[in-house]
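Taking it in order: structure first as C-alpha cells, then the write-up.
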Amino acid sequence: MATDVAAPPVRRGVVRRAAAVLHRHAGLRLTLLLAAPMAWLVLAYLGSLAVLFLSAFWTVDDFTYNIVRVWNTANFSTVFTEPVYRTIALRTLGIAAAVTVVDAVVAFPMAFYMARIARPRTRKLLVVAVLTPLWASYLVKAYAWRVILSQGGVLDWLGKPVGISSPGYGTAAVVIVLAYLWLPYMILPIYAGLENLPANLLDASADLGAGAGRTFRSVVLPLVLPSVFAGSVFTFSLSLGDYIAVQIVGGKTQMLGTAIADNVTLDLPLAAALSCVPVAMIIGYLLAVRRTGALDSL
Amino acid sequence: MERLVPVAPQNPTAKDRARVDWVHPFEQQTGCKVNTKIAGTSDEMVSLMKTGQYDAVSASGDATLRLIAAGDVAPVNTGLVPNYADIYPGLKNQPWNSVDGRMYGIPHGRGANLLMYRTDKVSPAPDSWSVVFDGASAYSGHVTAYDSPIYIADAALYLMKTRPELGIKNPYALDDAQLKAAVDLLKTQHQAIGEYWSDYQKSENSFKTGDTVVGTTWQVIANMAQTDQAPVQAVLPKEGATGWSDTWMVSSKAAHPDCAYQWMNWIVSPKVNAQVAQWFGEAPSNAKACDQTTDKNFCTTFHAADDAYWKNVYYWTTPIKNCLDGRGATCTDYAAWTAAWTEIKG
Chain V
1 MATDVAAPPV RRGVVRRAAA VLHRHAGLRL TLLLAAPMAW LVLAYLGSLA
51 VLFLSAFWTV DDFTYNIVRV WNTANFSTVF TEPVYRTIAL RTLGIAAAVT
101 VVDAVVAFPM AFYMARIARP RTRKLLVVAV LTPLWASYLV KAYAWRVILS
151 QGGVLDWLGK PVGISSPGYG TAAVVIVLAY LWLPYMILPI YAGLENLPAN
201 LLDASADLGA GAGRTFRSVV LPLVLPSVFA GSVFTFSLSL GDYIAVQIVG
251 GKTQMLGTAI ADNVTLDLPL AAALSCVPVA MIIGYLLAVR RTGALDSL
Chain X
1 MERLVPVAPQ NPTAKDRARV DWVHPFEQQT GCKVNTKIAG TSDEMVSLMK
51 TGQYDAVSAS GDATLRLIAA GDVAPVNTGL VPNYADIYPG LKNQPWNSVD
101 GRMYGIPHGR GANLLMYRTD KVSPAPDSWS VVFDGASAYS GHVTAYDSPI
151 YIADAALYLM KTRPELGIKN PYALDDAQLK AAVDLLKTQH QAIGEYWSDY
201 QKSENSFKTG DTVVGTTWQV IANMAQTDQA PVQAVLPKEG ATGWSDTWMV
251 SSKAAHPDCA YQWMNWIVSP KVNAQVAQWF GEAPSNAKAC DQTTDKNFCT
301 TFHAADDAYW KNVYYWTTPI KNCLDGRGAT CTDYAAWTAA WTEIKG
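Have a look at this one:
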C-alpha cells in the first residue's frame with residue numbers, strides 16, 4: 001500500500017526532470033523525435049534498396065543456380081546490351097507515359113467540375129466517389145477489367161451499336177486498366193490545386209477581357225500545372241512498377257515488372273539489376289518534375 | 001516436424017485441399033508432424049528448397065535435376081519404401097528422377113501437355129501441333145502457350161518430328177543451332193499468341209470466353225472447361241507431347257529423414273495416391289491406385305496404365321550442358337532457355 005502511494009510522485013519527478021532537460025536542449029528533442037522515422041527510412045527503406053543494388057553485382061552458378069558472391073558487372077551489361085531488355089524498358093516507359101497522359105486528360109475536367117462548379121454538397125459526394133474505388137482490392141478491379149475486356153464481354157456488348165469492339169488483352173488493355181486504377185491519384189492533387197486557385201485572378205482575367213479559353217491557358221493552367229505534375233509522379237511511378245495488372249489483362253505484353261518477376265526466383269542478381277532500371281527512371285522523372293515546383297505541392 | 005513443398009502447377013486445386021485430407025491420417029499413424037508450403041512455380045520451389053527448411057518436396061522434371069545438381073536433395077533408398085514396388089516401371093530410373101542409376105525420389109503422378117481447341121472455332125479438328133506453330137496465323141491473337149522456358153521443348157518436339165535435318169533426338173537436349181531453330185519457331189508463334197498462361201484458372205476462363213481458341217493445356221483444365229459447358233476438346237497430337245512426371249524427393253538437409261521416408265511411402269500407397277491424383281488431376285503412379293478412385297473411369301480418362309499413350313509423352317527434364325541424349329557437353333542449359341524465353345516474349 002505504501003509503495004503504491006509513494007510511486008506516483010517519484011514517477012512524476014522523473015517525467016518532470018526529463019521534460020525540463022528536453023525543454024533546455026532543442027537538439028536532443030529533435031533527435032529523439034526523428035530517431036524512429038529516420039531509422040525506418042535509412043535501415044528498412046534505403047537499406048533494402050542498397051542490398052538490392054549490391055546483390056545485382058553477384059551472379060548465379062550456371063548449373064546449380066546457387067548465388068555466387070563474386071563481384072562483377074555481368075548483369076548490368078546483360079541488361080544494357082540485350083536488345084530485348086531495351087525493348088521492354090522502352091515499352092514500360094511508353095505505357096507509363098500513356099497512362100499519365102490519359103489520366104491527366106480525364107482527371108482535369110473532373111477535378112475542375114468538383115473544385116469550381118459543383119455545389120459544396122455535391123462536391124463532398126464526388127470526393128467520396130473518387131476515393132471509394134481505392135478501398136476495393138486491386139486484384140478484384142483488375143480481374144473485373146479482364147471480364148469487361150474479354151471477347152463478347154461488357155465492352156464488346158456496349159460498343160456493338162456504335163461499331164466499337166474490345167481491344168482484347170494487350171498493351172492497350174494495360175493502359176486502360178492502369179489509367180483506371182491510378183485515376184484517383186491524379187484527380188486529387190489537381191482538385192486541391194484548383195480549389196486553391198484564387199477566384200479574384202479569374203475575375204481579373206475576365207475584367208481584362210479574356211475569354212474562357214484565354215483565361216484557362218494564361219491563368220488556370222500555369223497555376224495548376226504543378227499539381228498535374230504532382231499527380232503524374234504517382235501515375236507514372238506506379239505504372240512503371242506494375243506487374244500484376246499486366247499479367248491479368250496484358251496478354252503477351254512484357255513489362256519491366258514481369259521480366260523482374262520471371263527472374264526473381266531463378267536469377268536474383270539479374271532481377272536486381274533489372275530492378276535498377278525503373279528506379280533510375282523514377283529518379284530521373286522526379287528530378288525533371290522538381291524543376292516545375294510540383295514536389296512542393298505534394 | 002516435417003515440412004513439405006509440393007509444387008503448384010500440378011496441384012491446381014491445392015488452395016482448398018483441406019477438404020480431402022490425406023495429411024492428418026498420416027500424422028496420426030506415424031506421429032510425424034506435417035507443415036506444408038505450396039510453391040507457385042517450379043522456379044519458386046527450387047529457391048524454397050535452397051533454404052534447407054523443408055524435409056521433402058514434390059518436384060516436376062523441370063526442377064528435379066536442378067535440385068540434384070545443387071545438392072538440395074539426396075538419393076533415395078527405394079528399399080525403404082515398400083509401395084515403390086507397385087509404381088509403374090515406366091516411371092522408374094528416368095532421366096528426370098535419377099542420376100547414374102540412383103533414384104532421387106518416388107514418382108507420384110504424371111500428365112501430358114495436351115492440345116486443346118474450341119470445337120466451334122477451330123476446324124478441321126487438329127491432330128497436330130502445326131495448328132499452333134506453322135498454321136497459327138489462322139487463329140492470330142487467339143493462340144495460347146504455357147508461360148515457362150520449359151515450353152521451348154514443345155517447339156523442339158515439333159521440330160524433331162517435322163524437320164529431321166535439325167537432328168533433334170530429345171526435346172530437352174538442344175545445341176545452339178537447335179535452340180535457335182526452336183526460338184525462331186516460337187518467335188513466329190509469338191505473333192499469333194493472344195496470351196501466355198501459367199495460371200490454370202485464367203487459362204480455363206480464356207477458353208470459355210473464346211479469347212483463346214487453341215493451345216496447350218492440362219487434362220484437368222480440359223475437364224473443368226467441359227464441366228462448365230465450354231465447347232472444347234483436348235487431344236494428344238500425332239507428334240506426341242511434352243508432359244510431367246512428379247517426384248517426391250528428400251532434402252539432403254532433412255532434419256527428420258525417417259518422417260520423409262514414411263511420407264513418401266504413405267503418399268504413393270494405393271488409396272492416398274488415388275486421392276491425390278484425383279484432387280490434382282493427374283495420372284496416379286501406383287498401379288493399384290486405379291481400384292481406389294471414386295470415379296471408376298478416372299484411370300481411363302487420365303490414361304494411367306496406357307503405355308502406348310505415355311510412349312509419346314516426353315516428360316519435362318531440366319536441360320543441362322551435358323546433353324541428355326549423350327552427345328557430350330554441347331547443349332544449352334536452363335539458364336540459356338530462360339534468357340531465350342524472355343527474348344521470345346519480346
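Read top to bottom, the protein sequences are chains V and X.
Quick note: the first sequence, position 27, residue 27 per UniProt numbering, numbers continuous.
Quick note: the second sequence, position 196, residue 196 per UniProt numbering, numbers continuous.
Even for Gly, the Cβ is constructed at its ideal location relative to N, Cα and C.
{"Query": "Candidates X:GLN191, X:HIS303 and X:SER42: which alpha carbon is nearest X:LEU236's?", "Result": "X:HIS303"}
{"Query": "Does the ligand PLP have even one heavy atom less than 7 Å from the beta-carbon of X:GLN178?", "Result": "The ligand PLP is not part of this structure, which contains no ligands at all."}
{"Query": "Within a Cβ cutoff of 7 Å, which residues of the same chain sit near V:LEU202, ignoring the five residues on either side of it in sequence?", "Result": "THR215 and VAL219"}
{"Query": "Tell me the start and end of each unbroken beta strand (DSSP E) in the region 128–205 of chain X that is at least 3 residues and wholly inside, in chain order.", "Result": "143–146 and 193–197"}
{"Query": "Taking 8 Å as the threshold (beta carbon to beta carbon), is V:THR87 in contact with chain X?", "Result": "yes"}
{"Query": "Residues of chain V with CB under 7 Å from X:ALA69, in chain order?", "Result": "PHE63 and THR64"}
{"Query": "Is there contact between the region 78–88 of chain X and the region 49–69 of chain X, where contact requires at least three CB pairs shorter than 8 Å?", "Result": "no"}
{"Query": "Report the partner residues of X:LEU114 according to the DSSP bridge assignment.", "Result": "X:THR217"}
{"Query": "Around the Cβ of V:MET186, are there at least 16 other Cβ atoms within 10 angstroms (buried) or fewer (exposed)?", "Result": "buried"}
{"Query": "Is the CB-CB distance between V:LEU149 and V:ALA245 below 8 Å?", "Result": "no"}
{"Query": "Looking at C-alpha atoms only, which residue of X:LYS288, X:LEU67, X:PHE298 and X:LEU159 is the closest neighbour of X:ILE267?", "Result": "X:LYS288"}
{"Query": "Could you list which residues in chain X have their beta carbon closer than 9 Å to that of V:LYS160, in chain order?", "Result": "Here the premise fails: no neighbours, minimum Cβ distance about 15 Å."}
{"Query": "Could you pull out every residue in the same chain whose Cβ sits closer than 6 Å to the Cβ of X:ASP86, ignoring the five residues on either side in sequence?", "Result": "ASN286, ALA287 and LYS288"}
{"Query": "Note down, in chain order, each residue of its chain lying with its Cβ closer than 6 Å to the Cβ of V:ALA273, except the 5 sequence neighbours on either side.", "Result": "ALA56, ASN75, PHE76 and VAL79"}
{"Query": "Does DSSP put residue 299 of chain V in a helix, in a strand, or in coil?", "Result": "Examination of residue 299 of chain V is not possible in this model, given that chain V is present from 1 through 298 alone."}
{"Query": "Grab me the residues of X:THR318's own chain with a C-beta within less than 6 Å of its C-beta, minus the 5 sequence neighbours each way, in chain order.", "Result": "ASP62, LEU65, ARG66 and TYR334"}
{"Query": "Buried or exposed: where does V:LEU256 fall if 16 or more other Cβ atoms within 10 Å of its Cβ makes it buried?", "Result": "buried"}
{"Query": "Return no unless some Cβ of chain V is closer than 8 Å to the Cβ of X:VAL132.", "Result": "no"}
{"Query": "Between which residues of its own chain and X:LYS15 is the CB-CB distance below 6 Å, once the five residues before and five after are set aside?", "Result": "Annotation note: pLDDT 39 at X:LYS15 (below 50); position unreliable, no value reported."}
{"Query": "Starting from residue 347 of chain X and walking both ways along the beta strand (DSSP E), at which residues does that stretch end?", "Result": "Residue coverage of chain X in this structure runs from 1 to 346, which leaves residue 347 of chain X outside it and unanswerable."}
{"Query": "Closer than 7 Å by C-beta to X:GLY194: which residues in its own chain qualify, once you throw out the five before and the five after it? Chain order, please.", "Result": "GLY141, HIS142, VAL143, THR144, ASP211 and THR212"}
{"Query": "Under the rule that 16 or more other beta-carbon atoms within 10 Å means buried, what is X:ARG19, buried or exposed?", "Result": "Below a pLDDT of 50, predicted positions are generally treated as unreliable, and X:ARG19, at 49, falls in that range; no measurement from the model is reported."}
{"Query": "At which residues does the alpha helix (DSSP H) containing X:TYR334 begin and terminate?", "Result": "334–345"}
{"Query": "Can you check which of these residues, V:THR265, V:ILE248, V:ALA19 and V:LEU54, is closest to V:VAL140 by C-alpha distance?", "Result": "V:ILE248"}
{"Query": "Determine, using beta carbons only, whether V:GLY257 comes closer than 8 Å to chain X.", "Result": "no"}
{"Query": "How many angstroms separate the CA atom of X:HIS24 from the CA atom of X:SER245?", "Result": "25 Å"}
{"Query": "Hey, X:ALA153 and X:TYR172: beta-carbon distance below 8 Å or not?", "Result": "yes"}
{"Query": "Please decide whether X:ASP127 counts as near chain V, where near means a Cβ-Cβ distance under 8 Å.", "Result": "no"}
{"Query": "Determine which residues of the region 188–200 of chain X have a Cβ less than 9 Å from any Cβ of chain V, and write them out in chain order.", "Result": "HIS190, ILE193, GLY194, GLU195, TYR196, SER198 and ASP199"}
{"Query": "Relative to the alpha-carbon of X:ILE190, which residue among X:GLY215, X:THR209 and X:TYR200 has its alpha-carbon at the smallest distance?", "Result": "The question names Ile, but residue 190 of chain X is His in the sequence shown. Closest option to X:HIS190, Cα to Cα, is X:GLY215."}
{"Query": "Spell out whether any CB of chain X is found under 8 Å from the CB atom of V:LEU178.", "Result": "no"}
{"Query": "Our contact map puts X:THR242 next to X:TRP316 with C-beta atoms below 8 Å; I'd like the distance itself, whole angstroms only.", "Result": "6 Å"}
{"Query": "Between X:THR51 and chain V, is there a C-beta pair that is closer than 8 Å?", "Result": "no"}
{"Query": "Would you mind stating whether X:MET249 and X:VAL99 have Cβ atoms separated by less than 8 Å?", "Result": "no"}
{"Query": "Count the other CB atoms, across all protein chains shown, that sit within 10 Å of the CB of V:SER227; report buried if there are 16 or more and exposed otherwise.", "Result": "buried"}
{"Query": "Identify, in the order they occur along the chain, each residue of the same chain with its Cβ nearer than 7 Å to the Cβ of X:LYS121, setting aside the five sequence neighbours on each side.", "Result": "GLY210 and VAL213"}
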